[in-house]
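In this note's numbering, the protein residues as written are 181 to 483. Where a beta carbon is used, it is the ideal one built from N, C-alpha and C, also for glycine. Worksheet for the structure shown next.
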Amino acid sequence: MIDRSEIQNNVTPEKLAKRTLIPLEKNTKKRRSLVKGIIYALLILTAVICFIPFLMMLVNATRSNDAILTGFTLIPGTALLENYRTMMEYVNIWTGFKNSLIISVLVTLLTGYFSALTAYGFAFYTFKGKNFLFVFMLVMMMVPGQLGLIGFYELCKNLGILDTFIPLIVPAIASPFVVFFLRQYIQTTLHPSLIEAARIDGASELRIFHTVAIPIMMPAVATMSIFTFIGSWNNYIMPLVILFSPEKYTLPVLMGFLKGSQVAQNLGSMYLGIAISVVPIMIAFLFLSKYIVNSISAGAVKE
């Protein structure tokens, strides 16, 4: 028989500490699992709440006007084709869709490229008046674009570019906020030694920008491209002032006319038009939303 005192003598303090810590670790893991479960449940609930309005919009696009007035339901109706025909009798929404897509894509591409080029220049080049130009750009961020609408209209009139897409594309390329965001991003992610190494290897300045800077800046460029695309797609006041021909109207302008026509009495047609106008924005977020997290977290940890 083994004496109990001998067993107690063989138990070291380290073993006693481990026996005490094991239950504590199990309780900590249980609490962490419970907290994670609650957080995930809240996130799922929030996602469902945010998705319900979009689902209601899609469902109401398939219901008749009388059915929509009767109350809320998530069961699709059978009046989709009727609502589509009613909408197309007053507005050719696909023409506006095409015009908005052309303008938004060109604005997004040009803004992303030239803003990245400007931000790269502000970040890694030294030239006379650099600080003044950067401060002036920050001041322009605070000025609403609507203040210069009348002057911009007169300028376009004198240049003979009214009723064209040029005033909607070219001025939008100069975006102070995008330049500011990309400059702050590239300063935290691109080390000057990489640029110096490329120069030593004999690369030209434009090649350095295209092969070194642009790949590093792509998460930030993609993030700003989302907001630029959405802003250009939803732009209403500028196309309304600049464009006169119905075949050149953008989708927001056509939707404004749709609200003032007899189609407004058919809620199903209105929901269908809104659903068509929202689809490109949802697609943009679906494919590019991951870059938002990457660009925001890129400068969070510094070496």
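Practice item. Give the DSSP-derived three-state secondary structure of F292 in the structure shown. Key: In the sequence shown, residue 292 corresponds to position 112, counting from 1. Per the sequence presented here, residue 292 reads as Gly, with Phe not at that position. If DSSP states are grouped into helix, strand and coil, G292 belongs with the helices.
**Study point:** F360, enclosing alpha helix (DSSP H) - first and last residue
**Key:** The residue labelled residue 360 in the question sits at position 180 within the sequence shown. Residues 356-369.
Check your understanding: Who are the near neighbours of T291 in its chain, counting only those whose CB is closer than 8 Å to its CB and skipping five residues on each side?
Key -> Position 111 of the sequence shown, counted from the first residue, corresponds to residue 291. Contacts found: A352, I353, S355, V358, M404, S405, T408.
Practice item. Pull up the distance between the alpha-carbon of Y305 and that of F465, whole angstroms please. Key: For the purposes of this step, residue 305 is identified with residue 125 of the sequence shown, where counting begins at 1. For the purposes of this step, residue 465 is identified with residue 285 of the sequence shown, where counting begins at 1. When rounded, the distance between both Cα atoms is 34 Å.
Point to revise | Residues near F314 in its chain [Cβ-Cβ closer than 7 Å; skip 5 each side] | key: Locating residue 314 in the sequence shown gives position 134, counting from the first residue. So the qualifying residues of the chain are F302.
Review point. Do P256 and T242 have their CB atoms nearer than 8 Å?
Key: Locating residue 256 in the sequence shown gives position 76, where the first residue counts as 1. Locating residue 242 in the sequence shown gives position 62, where the first residue counts as 1. Cβ distance < 8 Å, so P256 and T242 count as in contact.
Check your understanding: Would you call S284 buried or exposed, if buried means 16 or more other Cβ atoms sit within 10 Å of its Cβ?
Key -> Locating residue 284 in the sequence shown gives position 104, where the first residue counts as 1. The residue in question, S284, is buried, as its Cβ has 16 or more Cβ neighbours within 10 Å.
Point to revise | Nearest candidate by alpha-carbon position, reference I410, set K210, V458, G331 | key: Position 230 of the sequence shown, counting from 1, holds the residue named residue 410. Here the closest residue by C-alpha is V458.
Review point. Which same chain residues, not among the five before or five after Y451, have their C-beta less than 7 Å away from its C-beta?
Key: Mapped onto the sequence shown, residue 451 falls at position 271. For Y451, where only same-chain residues beyond five positions count, the Cβ hits under 7 Å are M237, N240, A241.
Review point. So what does DSSP say about T306, is it helix, strand or coil?
Key: In the sequence shown, counting from the first residue as 1, residue 306 sits at position 126. Three-state DSSP puts T306 in coil, outside helix and strand.
**Study point:** Same chain, Cβ closer than 7 Å to I463, neighbours up to 5 away in sequence not counted
**Key:** Translated into positions along the sequence shown, residue 463 becomes position 283. Contacts found: none.
Check your understanding: Between the segment 217-229 and the segment 424-431, do three or more beta carbon pairs fall short of 8 Å?
Key -> With the cut-off at 8 Å, the segment 217-229 and the segment 424-431 do not touch.
Point to revise | Start-end ranges of the alpha helix (DSSP H) lying completely within the segment 229-261, minimum 4 residues | key: 245-250
Check your understanding: I think V401 touches Y416, with their Cβ atoms under 8 Å apart; what is that distance to the nearest whole Å?
Key -> Here residue 401 corresponds to residue number 221 of the sequence shown, with the count starting at 1. Here residue 416 corresponds to residue number 236 of the sequence shown, with the count starting at 1. That belief does not hold up - the Cβ atoms of V401 and Y416 are roughly 26 Å apart, past 8 Å.
Point to revise | Other residues of its chain near V392: CB distance less than 7 Å, five sequence neighbours each side excluded | key: Residue 392 sits at position 212 when you count from the first residue of the sequence shown. The residues L374, I375, A378, in chain order, have a CB closer than 7 Å to that of V392 in the same chain once the five nearest residues on each side in sequence are set aside.
Point to revise | Nonlocal neighbours in the same chain, by C-beta distance under 8 Å from P372, ignoring five residues either side | key: By 1-based counting over the sequence shown, the position of residue 372 is 192. So the list reads F304, once near-sequence residues are dropped.
Check your understanding: Which of the three DSSP states, helix, strand or coil, is assigned to L423?
Key -> Start at 1 with the first residue of the sequence shown, and residue 423 comes out as number 243. Look at L423 here: in three-state DSSP terms it is coil, with no helix or strand label.
Point to revise | Simplified DSSP state of A383, which is helix, strand or coil | key: Position 203 of the sequence shown, counting from 1, holds the residue named residue 383. Reduced to three states, the DSSP call for A383 is coil.
Check your understanding: Looking only at its own chain, which residues have a Cβ that is under 8 Å from the Cβ of K439, when we skip the five neighbours before and after it?
Key -> Along the sequence shown, one-based indexing puts residue 439 at 259. If we look at K439 and ignore the five residues flanking it on each side, its Cβ neighbours are M450.
**Study point:** Simplified DSSP assignment, three categories, for T403
**Key:** For the purposes of this step, residue 403 is identified with residue 223 of the sequence shown, where counting begins at 1. Three-state result, T403: helix.
**Study point:** I422 vs P324 beta-carbon contact at 8 Å
**Key:** As a working note, residue 422 is residue 242 in the sequence shown. As a working note, residue 324 is residue 144 in the sequence shown. Contact flag unset, no.
Practice item. Please classify S213: is it buried, with 16 or more other beta-carbons within 10 angstroms of its beta-carbon, or exposed? Key: In the sequence shown, the residue the question calls residue 213 occupies position 33. With fewer than 16 other CB atoms across the displayed protein chains lying within 10 angstroms of its CB, S213 is exposed.
Review point. Hey, quick one: how far does the alpha helix (DSSP H) through P351 stretch, first residue to last?
Key: Here the question's residue 351 lines up with position 171 in the sequence shown. From DSSP, P351 is part of no alpha helix (DSSP H); its letter is neither H nor E.
Check your understanding: Going by other Cβ atoms of all chains shown within 10 Å of its Cβ, with 16 needed for buried, is T266 buried or exposed?
Key -> To locate residue 266, count along the sequence shown from 1; it is residue 86. T266 comes out buried.
Review point. In angstroms, rounded to a whole number, what distance separates the CA positions of L386 and P460?
Key: Here residue 386 corresponds to residue number 206 of the sequence shown, with the count starting at 1. Here residue 460 corresponds to residue number 280 of the sequence shown, with the count starting at 1. If I take the Cα positions, the gap works out to 33 Å.
Practice item. Measure the C-alpha to C-alpha separation of T344 and L420 and round it to an integer number of angstroms. Key: For the purposes of this step, residue 344 is identified with residue 164 of the sequence shown, where counting begins at 1. For the purposes of this step, residue 420 is identified with residue 240 of the sequence shown, where counting begins at 1. The alpha-carbon atoms of T344 and L420 are separated by roughly 12 Å.
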